[in-house]
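Novice:
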Amino acid sequence: MARANARHILVKTEEQCNNLKTEIENGAEFDAIAQQHSLCPSGKQGGNLGEFGPGQMVKEFDTVVFSAPIGEVQGPVKTQFGYHLLEVTERQD
1 MARANARHIL
11 VKTEEQCNNL
21 KTEIENGAEF
31 DAIAQQHSLC
41 PSGKQGGNLG
51 EFGPGQMVKE
61 FDTVVFSAPI
71 GEVQGPVKTQ
81 FGYHLLEVTE
91 RQD
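In the UniProt record's numbering, the protein residues as written are 1 to 93.
1) What residue from T13, D93, L86, E23 has the CA that sits closest to V58's CA?
2) Who are A68's beta bridge partners in DSSP?
3) Mind listing, in chain order, the continuous alpha helix (DSSP H) runs of no fewer than 4 residues lying wholly within the UniProt domain "PpiC" (1–90)?
4) Sort S67, D93, F81, R91 by Cα distance to C40 and report the nearest one.
5) Among E90, Y83, R91, which one has its Cα closest to the Cα of E14?
Structure representation (structure tokens):
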């Protein structure tokens with residue numbers, strides 16, 4: 001069964017999500033941005049969600065996590081919770 005490790009940053013607006021993605025692309029540390037800005041409790045751990053399988057996260061999230069290249073920041077990804085930046089840190093297919 002496929003498994004993945006990922007981290008994310010959850011914010012309310014697409015604009016903020018895009019701004020944070022630009023900061024990360026310009027050298028800011030993903031975990032530091034997550035700690036400062038993420039609305040998800042996982043932000044305290046740098047956005048780390050741990051290991052999970054398909055179907056354990058919302059559909060939009062799953063689609064990205066189980067198809068995106070490892071180590072590349074993806075997003076904004078819109079879910080019912082808000083806008084996410086996602087990074088797959090590890091995956092076993």
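Where a beta carbon is used, it is the ideal one built from N, C-alpha and C, also for glycine.
Specialist: Working from what's here:
1) L86
2) In the DSSP output, where bridge partners are listed per residue, A68 has none listed.
3) 14–25, 30–37, 59–65
4) F81
5) Y83
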